[in-house]
Amino acid sequence: MPPSTTVSVLVPAAGQGTRLGRGPKAFVRVGGRTLLEWVLEAFAWADEVRVALPPEAEPPAAPANVRFLEGGEERQESVARLLQGARGDVVLVHDAARPFVVPAVVDRLLQAVAAGGAAVPVVPVPDTLIEPEEGRYGPALDRGRYALVQTPQAFFRELLAEAHQLARARGLLATDEAQLVRALGYPVELVPGDRRMFKVTFPEDLALAEALARTWDRRPV
Ligand SMILES: Nc1ccn([C@@H]2O[C@H](COP(=O)(O)OP(=O)(O)OP(=O)(O)O)[C@@H](O)[C@H]2O)c(=O)n1
Ligand SMILES: C[C@](O)(CO)[C@H](O)COP(=O)(O)O
Numbered sequence: 044m045p046p047s048t049t050v051s052v053l054v055p056a057a058g059q060g061t062r063l064g065r066g067p068k069a070f071v072r073v074g075g076r077t078l079l080e081w082v083l084e085a086f087a088w089a090d091e092v093r094v095a096l097p098p099e100a101e102p103p104a105a106p107a108n109v110r111f112l113e114g115g116e117e118r119q120e121s122v123a124r125l126l127q128g129a130r131g132d133v134v135l136v137h138d139a140a141r142p143f144v145v146p147a148v149v150d151r152l153l154q155a156v157a158a159g160g161a162a163v164p165v166v167p168v169p170d171t172l173i174e175p176e177e178g179r180y181g182p183a184l185d186r187g188r189y190a191l192v193q194t195p196q197a198f199f200r201e202l203l204a205e206a207h208q209l210a211r212a213r214g215l216l217a218t219d220e221a222q223l224v225r226a227l228g229y230p231v232e233l234v235p236g237d238r239r240m241f242k243v244t245f246p247e248d249l250a251l252a253e254a255l256a257r258t259w260d261r262r263p264v
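Below, the structure written as structure tokens:
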């Protein structure tokens with residue numbers, strides 16, 4: 044990426060954390076810090092960080108490069124609001140629910156986005172993958188053909204803005220931004236992700252996050 048390229052980090056953090064069951068997830072603590080604080084620390088280097096919070100949330104104290112705004116009903120709407128007013132040449136969209144950001148993955152994304160305009164991290168499917176049939180074992184899928192998609196997801200800001208415009212016009216609702224860019228007809232590069240960047244979703248994920256938090260400062264990049 045040319046050294047003059049500016050980066051905006053967009054953090055959807057407006058979810059209610061229904062599956063976790065501990066209230067709005069961004070404010071749940073692991074290792075003595077909220078999930079949102081982990082993410083803000085990881086992106087302290089960015090030119091700006093824009094965070095979407097639940098409507099009822101009080102914005103926490105944060106560094107000068109961070110701005111808060113109210114999120115939408117769906118994750119996609121929260122990201123659309125964050126995008127409006129973002130100034131970076133490149134945007135990194137990162138879930139507040141993924142507290143452990145691996146710098147090497149971010150480096151790979153920034154390299155790939157400079158070349159192609161859109162890049163996301165993926166990890167392989169580690170388990171046998173099936174399509175259950177009425178609660179019973181169903182056909183096994185060829186797991187080698189599938190990948191799990193993580194965040195951050197990196198885009199040229201103007202490309203992502205166009206993708207969101209198209210989504211609004213066509214009424215598309217997707218679980219991540221890469222789907223919207225793909226719907227626009229642009230390729231999205233894949234880079235190797237890292238399983239430590241898992242999304243805290245279910246209660247048992249908190250135990251994993253607590254364990255990882257204990258050693259995170261000594262992590263390898
Ligand atoms: N309306 C929404 C919904 C989700 N998110 C954010 O999108 C990320 C991924 O969403 P998810 O893990 O599903 O979080 P929640 O929506 O909080 O969880 P749940 O679906 O269990 O309620 C989270 O950082 C979440 O805060 C958001 O900004 N706005
Ligand atoms: C964006 C994402 O984290 C990529 O895997 C995921 O799609 C978010 O899904 P959620 O249902 O909003 O947690």
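Letter by letter, the sequence shown follows residues 44 to 264 of our numbering. Idealized CB from N, CA, C, for every residue including glycine. Here the structure is a predicted model, which is why all the values come from computation and not from measurement.
On the DSSP bridge assignment, give the partners of residue i in chain order.
i: Arg93; result: Leu53, Arg110
i: Thr61; result: Thr61 is not bridged to any residue.
i: Arg179; result: Glu176
i: Arg76; result: Val73
i: Ala162; result: Ala197, Glu232
i: Leu216; result: Paired residue(s): none; Leu216 is not in a bridge.
i: Pro167; result: Ala190
i: Val133; result: Val50, Phe199
i: Val184; result: In the sequence on display, residue 184 carries Leu and not Val. Partner(s): Leu172.
Would you say residue i touches ligand 2, meaning its beta carbon is less than 6 Å from a heavy atom?
i: Asp138; result: yes
i: Val192; result: yes
i: Thr218; result: yes
i: Arg257; result: no
i: Lys68; result: no
Quick one: using the 10 Å Cβ neighbour count with 16 as the cut-off for buried, is residue i buried or exposed?
i: Leu83; result: buried
i: Ser47; result: exposed
i: Gly216; result: Strictly speaking, residue 216 in this sequence is Leu, with Gly absent from that position. Result: exposed.
Less than 6 Å separating the Cβ of residue i from some heavy atom of ligand 1?
i: Ala56; result: yes
i: Thr61; result: yes
i: Gly114; result: yes
i: Arg118; result: yes
i: Ser121; result: yes
Of all the alpha helix (DSSP H) runs that stay within the bounds of the stretch 189 to 214, which reach a length of 4 or more residues? 200 to 213
At least three beta-carbon pairs within less than 8 Å, the stretch 164 to 177 to the stretch 187 to 199: yes
Please confirm if the stretch 126 to 136 is in contact with the stretch 45 to 65, defined as three or more CB-CB distances below 8 Å between the two stretches. yes
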